[in-house]
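Take a look at the structure below.
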Amino acid sequence: MRYVFGNWKMNGTLAFAKEYVSKLLGEVRPASVQVALFPPFTALSSFQYLVKDSFLRFGAQNMYYEDAGAFTGEVSPVMLKEIGVDYVLIGHSERRHIFLENDEMLMKKVEAAHRHDIPVVFCVGETLEERRTGATKDVLKRQIILVQDILSRGDIVAYEPVWAIGTGVTPTLDEIEESISWAQELLKADLPVLYGGSVNKSNAIDISGVSGVDGVLVGGASLKVEEFAIIIKAFDQNI
C-alpha cells in the first residue's frame, strides 16, 4: 500500500470542497494507493458525507490534547472522532514554528489521538540552517525518539524538510532517500514514511521511485484536482 495525502492548510471553502471531491472521484480510481484529504475545519464535518462509499479518506490538520474545556478556538479528539476522521496531522512544521508547539505538547496530542483510536500522521523535518550545518539526522532523531514508543500500527510518519515546504525547492532524490531511511531506522514500529515538501506533478514520478518512500504529503499541488490526480496516478503505477 502507498499513500497520497493532500493537506489543504487554510484554503478551500465548503463549496470548493464539494466541487473538488466530485471532480477527483471522476478523475481517478486508484488500485493500490490510499488517498486522503485534510481540509480546513469548516469543511471537515461535511467530508464524512462527501467521501462516503468512495476510495477517499479524510483527516484533520490539527487538534488539541484535551477532550473538552475552556480552550477557545481548539478542536478536541472527541469532536474529530464523532465526525469519523481517518487521520489527524500532528507536528506539522507550521504548527511547530508559527504556533510554537513544542515536543511536550506534540507528545500529548499523539497520546490523546490514540485514546480515541484516531491514527496519527506525525510530521518531522529539519530547517535549512539545520540542513546546512549537517544536523538533519540529529533533528530527526530528537523528533522521532519523542514518540517512537507511542506511535503504533496505523500511524504514519511524514518527513517534510521545512525549507522545502511551499518553496518550490526539493531535496535531491539521494537526500530524500537518506532521510527517509534514517527515519525508518529510528522507528520501533514498522510504519509507513511519507515525503512532503514541494511535491508536484513534475517530480512525483521521480519521488515515487525513491527507495523507502511509501507515499507523499502534498501541499499546494493538492488544491488543483488535475495535478493531484497526476500525483495519485504516479504512485499508483509505480508500485
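This note's numbering numbers the first residue of the sequence shown as 44 and each following residue consecutively.
Note that beta-carbon positions come from the ideal geometry of N, C-alpha and C, so glycine has one too.
The bridge partners DSSP lists for Q77 are Y46.
About 16 Å separates the beta carbon of D129 from that of A60, a gap too long to meet the 8 Å contact definition. Residue range L57 to E70 is occupied by the alpha helix (DSSP H) that includes Y63. When C-beta atoms of the stretch 189 to 201 are compared with those of the stretch 236 to 243, three or more pairs fall below 8 Å, so the two segments count as touching. Out of D217, E147 and R174, the CA that lies nearest to the CA of Q186 is found in E147. The beta carbon of D257 is closer than 7 Å to those of R45, Y46, P235, V236 and L237 in its chain, skipping five residues each way along the sequence.
The beta-carbon separation of V121 and H157, rounded to 13 Å, does not stay under the 8 Å limit for a contact. Rounded to the nearest whole angstrom, the C-alpha separation of I250 and G112 is 43 Å. Rounded to the nearest angstrom, the gap between the Cα atoms of K267 and S254 is 27 Å.
For V256, the three-state secondary structure derived from DSSP is coil.
Taking the Cα positions, S241 is about 27 Å away from S195. L132 and F81 do touch by the CB rule: their CB atoms are close to 6 Å apart, below 8 Å.
In the structure shown, G102 falls within a strand segment according to DSSP collapsed to helix, strand and coil. Of the candidates R138, E220 and E228, R138 places its Cα closest to the Cα of Y107. Per the coordinates, the alpha-carbon of R72 lies some 29 Å from the alpha-carbon of A207.
In this structure, I275 sits away from A264, with a CB-CB distance that is not shorter than 8 Å.
Looking at the backbone, the Cα of V64 and that of V163 are separated by about 23 Å.
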